[in-house]
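Heads up: the sequence shown at position 365 corresponds to 365 in the UniProt record's numbering, and the numbers run straight through without jumps. In what follows, a single structure is set out as structure tokens and then discussed.
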Amino acid sequence: MARAVPELQLAETDDPLHERLANALAALIADGRLAPGERLPSHRVLAQGAGVAIGTVTRAVDMLTRRGLVRGEVGRGTFVSELERKSWGVPVDLTLNVPPLMIEEALFLQASERAARRVLTLPAGGLHDLRGTEGQRAIVARWLSRTRLEAEADGLLLCVGAQQAIHLAFADLAGLSPSIACEAATFSGAIAAAVHLGLGWEVVDHDAEGMMPDDLDRAFKETGCRMVYTTPVCQNPLGFEVSEARRLALIKVCEAHNAFIVEDDVYGLYATAGPVTYKALAPDRTYYLTSLSKCLTPLVRLGVLVPPEDRLPPLLRALRADVFGAPPSAVELGCALIELGADAIAAEALRREAKARIDLARKVLRLADVPMPEGSPHLWLPMPAVAAEKLARRCSEHRVRLTPPDATSLGGDKAGGVRLCTLAPDHRDDLERALHIIARLMRDPEETVI
Ligand SMILES: Cc1ncc(COP(=O)(O)O)c(C=O)c1O
């Protein structure tokens, strides 16, 4: 018996209406409010219930049929499939590079309590110095020195995540350089910062180790570009790591053109080459930035920028114009977590988990070789851009979300592919389920995976 449709909540996204309706119906099926074997309400009732046209319902039902969630019977109507519920699963979102929390809740709570006690003692409501207190900066400097880069408390700026550090660095260089040199694809947040500042991009050829020095030289010669943005470890999204030799070659090119480097080291914990940084190799030309987001948790949003020394005063003015420093409570929480060793515990567990997940992806997707030496939080599957867009669309119809190339591409045809954030699902089982769907859709994009 068909019955009145349960309440239909369409998500407020930019996705097409029929897709949102399909997802709303899929959610009702997934949680059993539309049971296996049950007949769907008529298209007219669904249209009324959702406030959409009947044509939209037809397209949504077609989509659900392709996903294997419903089946049509001639002259009888459309029925919820009676296939094993497990395979429908919940959506698996592989688009967000968010690591699972790898520390015990008790440790997080201990750090929170320590942070709360400290924050209550801060003078002037934490408005004493927009760089944060000396004690906070000393803890962050020690963390950097222990993990990636010898740093001084006086040489750094505490920021709201690495994102603010990127924006500040780009803004500081905007007067010198109208554009940014980079590989053919990069972090979407860097693209957003560049768009906001009216900066363009110069796409530089890359190989499995990063930008090609000759092509960077060409880009500098042919344009007024004088800055590079780079994620040298686990390049986002392309995945490679830049060796010390390549870094030195690229620095040489920058020196020849008086160009600067914005080094985004958020994935530094996955470096296979040890603590090699542009900042250590070329301190006066490098804006180094990182945060706790990828090595511990983005819940804290504590970022840090270590600019060339002489750029600190203008950067402080820029920070002052935007916000009076990173929120003291977040900074204290980040510092307490660092002091209690949470970042080290998390980093070690993340490296292990990332490696296990990359191995799993390699096995399920039958990838002979993935350019990810020792594990990485994301995986890049190169393929022509059209095929990549199609794969991302087909996966999303099966409730698996991948980053399509247009989210990270800087133009040109050199960065076709999809990115999978393998660390995003809390549970490895969910990743495995998604990988099987992706594998089947890679083999046959027209297949309905059940
Ligand atoms: C390369 C890169 N840089 C920076 C960020 C932003 O980090 P945060 O959360 O610290 O702002 C991300 C987040 O995905 C990233 O992938």
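A virtual CB, placed ideally from N, CA and C, is assigned to each residue, including glycine.
- Nearest to G417 by alpha-carbon distance, out of R20, A115, L391, is L391.
- According to the DSSP secondary-structure assignment, C182 is paired through a beta bridge with V203.
- For G334, the enclosing alpha helix (DSSP H) begins and ends at 328-339.
- Inter-residue distance for T290 and R117 is about 26 Å (C-alpha atoms, whole angstroms).
- Taken from the Cβ of D264, at least one heavy atom of ligand 1 lies inside 7 Å.
- Taking the Cα of A151 as reference, the smallest distance to any Cα among L130, Y288, T56 is reached at Y288.
- By the criterion of a C-beta distance shorter than 6 Å, V119 is surrounded in its chain by P328, S329, E332, once the five residues flanking it on both sides are discounted.
- P298 has its Cβ nearer than 7 Å to a heavy atom of ligand 1.
- For I261, the uninterrupted beta strand (DSSP E) segment begins and ends at 260-264.
- Distance from the CA of V80 to the CA of D62, rounded to the nearest whole angstrom, comes to 13 Å.
- When DSSP reads this structure, G72 sits in a beta bridge with T78.
- Contact between F170 and V253 is ruled out by a C-beta separation of about 20 Å, above the 8 Å threshold.
- Taking the Cα positions, A174 is about 38 Å away from G341.
- Taking a C-beta distance under 8 Å as the contact criterion, M227 and I180 qualify as a contact pair.
- Here Y267 carries a coil assignment [DSSP, helix/strand/coil].
- Minimum Cα-Cα distance from A115 among the listed residues G198, A336, P405, L379 corresponds to A336.
- Per DSSP, the continuous alpha helix (DSSP H) segment holding M442 begins and ends at 428-443.
- Within the chosen limit of 7 Å, ligand 1 reaches the beta carbon of G161 through at least one heavy atom.
- In this model, N23 and L64 are separated by some 8 Å (Cα to Cα).
- Inclusion of R301 in the 7 Å shell around ligand 1 follows from its C-beta lying nearer than that to a non-hydrogen atom of the ligand.
- With a threshold of 7 Å, the Cβ atom of S409 does not count as near ligand 1, since no heavy atom of the ligand is closer than that.
- Here the distance from the Cβ of F108 to the nearest heavy atom of ligand 1 is not below 7 Å.
- Going by beta carbons, H167 and E183 fall outside the 8 Å limit.
- DSSP assignment within the segment 377-428 yields the following whole alpha helix (DSSP H) runs of 4 residues or more, N-terminal first: 385-397.
- Here the distance from the Cβ of F187 to the nearest heavy atom of ligand 1 is below 7 Å.
- At the C-beta level, L199 and P178 come within 8 Å of one another.
- Beta-bridge partners of R117 (DSSP): none assigned.
- When distances are taken from the beta-carbon of T231 to the heavy atoms of ligand 1, the shortest one is below 7 Å.
- Around the Cβ of N236, a 10 Å sphere holds 16 or more other Cβ atoms; the residue is buried.
- C234 carries a coil assignment under DSSP once its states are collapsed to helix, strand and coil.
- For the pair A245 and P213, the CB atoms are not nearer than the 8 Å cut-off.
- Nearest in C-alpha terms to H43, of all of G77, E309, V233, is G77.
- A residue is called buried once 16 or more other Cβ atoms fall within 10 Å of its Cβ, and R137 is buried on that count.
- It is roughly 47 Å from the alpha-carbon of C159 to the alpha-carbon of G49.
- In the three-state reduction of the DSSP assignment, D14 falls in the coil class.
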